[in-house]
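In our numbering, the protein residues as written are 14 to 263.
Here a beta-carbon is modelled for each residue, glycine too, at the ideal position from N, C-alpha and C.
Beneath this line is the structure, given in C-alpha cells, with notes to follow.
Written as C-alpha cells, this is what we have:
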C-alpha cells in the first residue's frame, strides 16, 4: 500500500456503487484509481473525492477492471483511503470560482498523460487553486492565465512577436494573430493566406497576453480581452488534440 499527495480531477461511475477517480499526484502524475463502494451514503471516502480537492490518498496493488467477470481494460490502482487536506472551501462557495476550477481540472485530466510525473503541473494547479480561492473576484483572465501556463508545459506556446510565416517583425501596431500558424502574422503573409482565420488584437491585448504568459495571477485576473481569449482557445484547438471549449464565464 502506498500514500500519495493528489488533486482530484474527476470521477466517473463504474458499476452500481463504484467509481473510477482521476487524480493528479505529486509522485506519479495522473493516476486512475478504482474506489469501491464510494457511491454508498456511508462511504467515508466520498466527500474527499470531489473535483479539485487536495487529498492524501492510499492505493493498494493494481488489478484489472472487469465487467460481468470479463477483463475489459487496463490495470487500475485500488483506492483504499482518501483524506481531505484542503477542499478549497472559498472556491466551492463561489459559483464563478467553482466553474473555473471545474474547467481547469477537467482540462488537466484531458491533456495530461497517465503515469508521467511532472512536479511543475502539480505545483501549477495547486498554486492556481490557492490563488483563485483568495482572489476577491474571479476574472476570466485568471483562468486563461492558467491555460496558457499549462499548455506551455506541454510545449504549446504562441509566437507573440515575429511573423510565424516569414520571421519578420510586423509593422508597429499590426497585432493580427494566426491561430493555425501559431502566433502573430504580418500583412504581406496575410494576403497570401486569404480565406484563412485570423484574430485581430491591439497593443493592449499583446501586453495582456504577456501578462498571462508570465503567470502573475493578480495581473492575469485583470485581463478582460474577449478577442485574446478567442485566440488562445483557437490556438490550442489547432495545435493540440484538445477540443478546448471557449470559456466566457457565467
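Contact between the stretch 218-229 and the stretch 163-178 is present: 3 or more CB-CB pairs across the two stretches fall below 8 Å.
No residue range can be given for residue 169, since it is assigned to no alpha helix (DSSP H) and is classified by DSSP as neither H nor E. Using a Cβ distance threshold of 9 Å, residue 142 and residue 112 do not count as a contacting pair. When DSSP states are grouped into helix, strand and coil, residue 147 belongs to the helix group. Counting along the chain, no alpha helix (DSSP H) covers residue 62, and no H or E run does either. Here residue 125 carries a coil assignment [DSSP, helix/strand/coil]. Put simply, the backbone Cα of residue 39 is about 9 Å away from that of residue 133. The three-state secondary structure of residue 18, taken from DSSP, is strand.
Between the stretch 193-213 and the stretch 117-129, the count of Cβ pairs shorter than 8 Å is below three; the stretches do not touch. Linking residue 91 to residue 34 through their CA atoms gives a straight-line distance of about 10 Å.
In the DSSP assignment, residue 45 falls within the beta strand (DSSP E) that extends over 42-48. Residue range 31-38 is occupied by the beta strand (DSSP E) that includes residue 34.
The shortest C-alpha to C-alpha distance from residue 158 to any of 216, 241, 89 and 187 is the one to 241.
Rounded to whole angstroms, the separation of the alpha carbons of residue 154 and residue 250 is 18 Å. Taking C-beta atoms as the reference points, residue 233 and residue 152 count as a pair closer than 9 Å.
Per the C-alpha coordinates, the member of 26, 192, 198 and 46 positioned closest to residue 20 is 46.
Residue pairing for residue 228: DSSP places it in no beta bridge. Cβ atoms of residue 42 and residue 131 come within 8 Å of each other, at about 6 Å. In this chain, the alpha helix (DSSP H) harbouring residue 248 covers 239-252. Proximity to residue 257 across 210, 164, 105 and 185 peaks at 164, based on C-alpha coordinates.
Collapsing the DSSP output to three states places residue 96 in a strand. Across the structure, residue 185 and residue 199 are spaced so that their CA atoms are roughly 10 Å apart.
Going by DSSP, residue 189 is part of the beta strand (DSSP E) stretching over 189-191.
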